[in-house]
Amino acid sequence: MSDEVPDWLPTIEDDEDPKPQQRTIIESERYPMRVLAGAGTGKTFTMVRKIENLIDEHGVSPDRILALTFTNNAADSMREKLNAKLGPAGYDVDAYTYHSICNEILTDYAYDAGLDPDFEIATDAEKYVIVLDVLDEIDYRAVKPNVYGPDSYANGVATKLLSFIGSMKRSGISPTEIEEYLGSPEQVYELDAVPDRVEEIASDHLGGRSVSTVLDGIPDTRTDLVAERDALGDEGLEASIKDFLDRLVDLCDALEVAFEEHEAGERSLPEDAHKLPKYLLGGYSSAPSGIPNDLKLELTDYLRNALDECKTALDLNTGYEAYERELDRRNLLDFDGLVVKTVELLETDVGERLGDRWDYVFCDEFQDTDRLQFDLITSLVSEDRIFVVGDDDQAIYEWRGANVSNITDELDDVFGPDLEDEPLEQNFRSRQPILDLANDALERLADRRSTKTLTRVDEPDFDGDTVAVVEEADDEGDRAEQLVTVTRNLLSGDAEALNRAYDPGEIALLVRNNDHATPILERFDEAGIPYQVAGDLSTESIGVGTVVAYLKALARPEEDDVSWNRVLTMRYRLTDADLRRVNSHEDGAYAGICNQPLEVFDEPDRLQEVREHISRLLKLRETVSLSHLYRELKRLTNIDWYLSEQERRDLAQLDEIIDQYGNDAVQPPLTPQFIDSLQHYDSLLEESGSAPTSQPELADDAVNVMTIHKSKGLDFPVVLMPRLTADEWEPGSRTYDTFESALSEGPESVFDKDLVAQDANEARRILHVGITRAEEILVLHGSIEEDDTDDERPVHDAVESILPESVPWRPSNGHLPIWRDLQECLPSNHADWTASLASTVVGDVSGQVTYGSENLSASDGRDRVITFGNKLIEGSIEREPENRRFSIDALTGPMTPNPALQHSYTSLEAYEECPRQHFLDYVVNGFSDYRENGYGGDGISQRIVGLLFHDTAEIAAKEQAAERAEWYAICERLAGQRRATDELPVAKECIDRYFDLDLSGWEIVDAEREFQLEVDGHELVGFIDAVYRTPDGELVVIDYKATERHRDIDENKQLPLYLLACRDLYEEPITSAGYAYVGDIGPKVEARSFDEGELDSVRAAVSTTMDRIKETSFRGYETGEHCRWCQHSSLPCGEEWRQEDGGR
Amino acid sequence: MHCKHVSNLLPEGFDVTDVTFLSPSRLATYADCQRKFDYEYVQKVNVPEKTRLYLNQGRAYHGTIEVVCEATSPEDDAQLIYDRAVDAFPEQWREHIEPDEYASNAHQEYQRLENLEAIKTFFDPDGGHGIDHARQSVETEKWLECVENGIGLHGRADNILRTDEGIHVIDYKRKLRDVITFNTASVLEDHLDGTDHDPKRVKNAFQTATYIEGVKQSDLYEEGMSVQFSFYGLLNRTSFESTPDGYQISVRGYPRETTDIYEEYYDTIWNLMQRAHEGITSSSHIPDPFPLIHDEACPDCDFREMCADYLAEGVQR
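Taken in order, these protein sequences are the chains called A and B.
Taking this note's numbering, I'd label the letters of the first sequence as residues 7 to 1150.
Taking this note's numbering, I'd label the letters of the second sequence as residues 2 to 318.
Structure, rendered in structure tokens:
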């Protein structure tokens, strides 16, 4: 079959011995165990090895082990690693994501959970549709009913409701609980007046002009506050407010003590200290003179904000209730609902049964679990045999519901002193100076539980800077330019400060948020530095815009002239005159395209092509899913071909988003607004973009650009971190956070902690994650804010010293002086690149264009080409006196020599058909022609069908699956993963034909066996589909054919080559080989035996061919039937063949 | 656009044989970007409207004001005018609002209340500006045209009031945000010399010029009358108050007169109009100055997605 290794095929990596710390954990038999593992310490490796150890050394049955992690990728990778190590037994370990385990359990126990067994998971699109349906159920009091705006999907009450539901469900808070906490609307609004009354009390009693007069007012203030407090009940929202007032009473006491001490000469206070009591209790409308504006401690604001959240929740709760009803009615569960339902189920008898299903539960990335997931996991554990690995220092998803204390206090509470702790601190990733910085910076984390100190082991030699700082320029453009210069230096590698040159794919730009990347990417574009934006960062890509415009035009063909014009210009390259003709039609551009005689246009062929494409696509629009329409759009118009390499990378992101909509029955409305939103997907539904459940695909030929959140779990030789300033990293509070803690931790814990300080801690952990992604070089780019000085701040200090413990807010909590902190933690051997590698490019950096003997900058080179192009169009180009050429030294990093030619049967076959085709496809990897799509009218790819069948056969062999139903299941799984649902039925037909063959009952000895055959100094590689043992005991090599093409078995070279390869692979001789046809021309097997003489003559012939290939070049070619399928038939040779063939 | 037979209403002695009449919108579009004018008015490329909510609301309140002004005599009682407005609004709302444009009934209801409040405040018997507007109105939706400084201008005025001093032309808008003030008017000079780009205020200035000169050349004008022009923002301030039983909206509107700005910047405004007028009549559509237009006009332009001038920048990059 193919010569390529299937990308999903498990390979044994990490085949190295565990290090001592890891070995202790792997071999330990103590449970429950918690491993707090630092970044780059091989935690997943250790966990996988521990599972292997259980199976191999302790005889634990794989299906008694449950392994949980966050991403599908991680679960798949774990399963594959286990499979590579343990063989088919590896597949029997239940490796799930935290969500997929719930799906599994609920499917198995649907009736017990009160669900229809056919329930489905709501897609993002379905959730949005439901939210729109329930908007009229909301009781609008504090929430405005607006749902509109230029991108209506990102704003307004619909998004608010989605976000509210998400926050509540992740903490397992039901509408009923919300209702109980809040009480009636009248009560909530009555309580809403409390902050005003507190402020009045402060105004009434604390307006004195000296410490002594204010001191006199404190007892009355206290009395009034106590009266307010005592009028409140002990339940729900009233209890929360009561608790708040209690803290204010403590504050009064503390203020009284401080002022008395001042009066007694025992304590000094700053000049305007007498204003503090009234200020802290919100008695001033803004900070009075003498009280710094950045103190931001008018405490009634905290209560007011909490009450605002309550009023919002009061309105949205009816929408939440209606949403839940609607999900239920449609037999759907949303992602968060999966966990909610499962936890509910586990509280019933089923819980006990399920507790016995697994003997061991392994959990990865435990710091990212939320409260509900914690409950879920603890209910699945039997006899405390749980193994938890994670890193509290890398907990960066608290902002979307993760409960960091799950990995610390909560585990302690559940398992008590039996919980074993083992550390993993030996790092295999980063150079020590990077780790020193990371370690030091972590010291600043308040309430840090871990005491880990990361230490590098087995550090290779390195001659260059490791930690570099760049003081950022004031101007945005200059700032971006600094990083461009750094990047160019890294690519060139010529600077002395660098150990080596880096490929673009080795460099990562990690940003705190999207805005930080945008200006840099613009400069990367200008400098020709290739980059790939991962995950949820959106960019303005012209190519993506064109594809989106095509979808918009299809959505409203008669109304959207702008999109048609875009498509006609950028894809169909219509001339300005033809565009004007299209637009001249009184009924608009669509009518202008379709309803005018072709003769009126300068280029009627192009118009004809446009008409054919849009008529087919508009027909499809009525019947197929969004993702199907999108696929067809790309296939039919070959729009990819018109995009630059960078644009194709950008488009991959859109592909991914549209893929998520799959082919579900409920499809998003194909409106222009919806399509617009695809370009700004992250703002549409944050859970899809920013959750810990997804991980980006990486580029190896472009700088990888992503948010730090997305980079978790990844590593790069070089990491650039821009915008490290206090302003850009300022912590803030999160929507519904106080409300959420009231309901999940109890009404009296709302004001237990300062949630802004908590966010500042998370920001520090985000910084830690970013730093520890770097292996060799870390570039920190930032600057100090004016406020970050060490000047004395007497008022801040006084407040700090007065505030009692029960008041959690502190003067500096809302400020994170990140650059100042970093400066203080820098290792002594750090470098400052501001005036060196960030301002001057050292050495010969590629990216230059030469034209004859002239050296041109990239943009001058571009202008020169455009000038020539324009002259060509105008017919005014003149022949240059000398034969000058453009040559471009592409910015793709250091050139690596081409690998030695490797041959395969397919490449030899191509050579024999036409040396030029072979040269283009296998030697220089030439650019393919633009061509109409290679698919049949039904949109089914035979290539995909073939791959599905082959891969199914291979997995079936490895899993020893011999039944048709098992093959079906494997094939369905693969088709699901590859989104090849259209091809699935055809692949299943191939399976049916396979099972009609006798060989389906034979013993399968080997499958998808890779070989390397040495033939007279040449290397020939490939894969043998299968080796069977016939009922007579003979071995036979079988190659599956799922296509319609019949192979001549007598003159064939493929099968003899496989038999030659088998000589090295198997001890037992194999002399027979054949084809198993499972496509339309099957089912049949054609096989025969090949004698030694035949094999030797094939060997000799192949050797001669490979000798000839050594001299291969573009020059020689053969024309013939193969030209019809050639990817390069636009060349003159193709034209020659067309003429020979009668102009076909 | 072309008119060979200039209106009979032109003052005596005017001798024009071939004048191109242009509206302030067209001139301002051209002053914003020449290519935009090409797409919008020459090629007439249809832009799908992102939302018609504001357009429809504008029609509803304009319609209500028109009905009230048409029906009102100078001596009508303020309460009667108010009642007339409150009675007229529901029908105007029904006529102009498309319920399908709204994602929910609640949203439509919210906007209905907002507009109704605007009408109620405007026609408040106790000091609402609309009472005088209705009593003094001599014509609504009046088509005005003029030839001045060699160029033809035309446009439809929302309401023309006959005041003690003369004539006051009113243009009703939703809000006055971004409408020209004396403080911001110097931007007209910057726009003219290519150092800044402010098509919104340029448009305000063009409207002011068109309506002031238009009314002077109309049958409503008598020698010696003073002529004023104002924008009026009906929903200029809206406030939202929540209560246990639901929300309450209050709205306040007020005018902004631009007559003085017109007088102060007369030469600049006419230079700007003349330049745009000449460009349009000579079919010159190459954006200039492009760097400024690219930075200031392109980001909000409806044609950006298809504009070859704009896309070429991105493609080159």
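Cβ atoms here follow ideal geometry from the backbone N, Cα and C, with glycine treated the same way.
Name, in chain order, the residues that DSSP records as bridge partners for residue i.
i                       : result
residue 429 of chain A  : A/42
residue 172 of chain B  : B/232
residue 388 of chain B  : Since the first residue of chain B shown is 2 and the last is 318, residue 388 of chain B is not available in this structure.
residue 167 of chain B  : B/227
residue 320 of chain A  : Residue 320 of chain A is not bridged to any residue.
residue 256 of chain B  : B/233
residue 181 of chain B  : Looking at the DSSP assignment, residue 181 of chain B forms no beta bridge with any residue, so it has no partner.
residue 1173 of chain A : This structure leaves residue 1173 of chain A out entirely; chain A is present only between 7 and 1150.
residue 160 of chain B  : B/141, B/171
residue 537 of chain A  : A/709
Helix, strand or coil, according to DSSP, for residue i in the structure here?
i                       : result
residue 84 of chain A   : helix
residue 833 of chain A  : coil
residue 4 of chain A    : Within the shown structure, residues of chain A are numbered from 7 to 1150, placing residue 4 of chain A beyond reach of any answer.
residue 1115 of chain A : helix
residue 1139 of chain A : helix
residue 146 of chain A  : coil
residue 101 of chain A  : strand
residue 58 of chain B   : helix
residue 935 of chain A  : coil
residue 727 of chain A  : strand
residue 258 of chain A  : helix
residue 100 of chain B  : helix
residue 64 of chain A   : helix
residue 368 of chain A  : strand
residue 759 of chain A  : coil
residue 704 of chain A  : coil
Cα separation between residue i and residue j?
i                      : j                      : result
residue 664 of chain A : residue 631 of chain A : 10 angstroms
residue 27 of chain A  : residue 743 of chain A : 38 angstroms
residue 552 of chain A : residue 470 of chain A : 44 angstroms
residue 183 of chain A : residue 749 of chain A : 8 angstroms
residue 710 of chain A : residue 493 of chain A : 12 angstroms
residue 156 of chain A : residue 561 of chain A : Note on residue 156 of chain A: pLDDT 41, under 50, position unreliable in the model; no value is reported.
residue 281 of chain B : residue 40 of chain B  : 12 angstroms
residue 85 of chain B  : residue 93 of chain B  : 12 angstroms
residue 590 of chain A : residue 597 of chain A : 10 angstroms
residue 847 of chain A : residue 554 of chain A : 38 angstroms
residue 165 of chain B : residue 595 of chain A : 52 angstroms
residue 993 of chain A : residue 876 of chain A : 50 angstroms
residue 137 of chain B : residue 171 of chain A : 54 angstroms
Could you round the C-beta distance between residue i and residue j to whole angstroms and report it? I think they count as a contact, below 8 angstroms.
i                       : j                      : result
residue 1164 of chain A : residue 516 of chain A : Residue 1164 of chain A cannot be examined here, being either before or after the span of chain A that is shown, 7 to 1150.
residue 168 of chain A  : residue 475 of chain A : Actually they are not in contact, since the Cβ atoms of residue 168 of chain A and residue 475 of chain A sit about 41 angstroms apart, beyond 8 angstroms.
residue 343 of chain A  : residue 175 of chain A : 6 angstroms
residue 273 of chain B  : residue 145 of chain B : Rounded, the Cβ-Cβ distance is 19 angstroms, inconsistent with contact.
May I ask you to check if the CB of residue i is nearer than 7 angstroms to at least one heavy atom of the ligand GTP?
i                      : result
residue 294 of chain B : The ligand content of the structure shown is nil, which means the ligand GTP is not present either.
Which of the residues in the region 224-243 of chain B, read from start to end, lie with their CB under 8 angstroms from any CB of chain A? 241, 243
What are the residues in the region 290-314 of chain B lying within 9 angstroms of chain A by C-beta distance? Listed in chain order, the positions of the region 290-314 of chain B with a beta carbon within less than 9 angstroms of a beta carbon of chain A are 303, 304, 305, 306, 307, 308, 309, 312.
Please identify, using Cβ separations under 7 angstroms, the residues of the region 577-594 of chain A that lie next to chain B, in order along the chain. 586, 589, 594
Which residues, in order along the region 105-136 of chain B, keep a beta-carbon less than 9 angstroms from a beta-carbon of chain A? 105, 106, 107, 108, 109, 110, 111, 112
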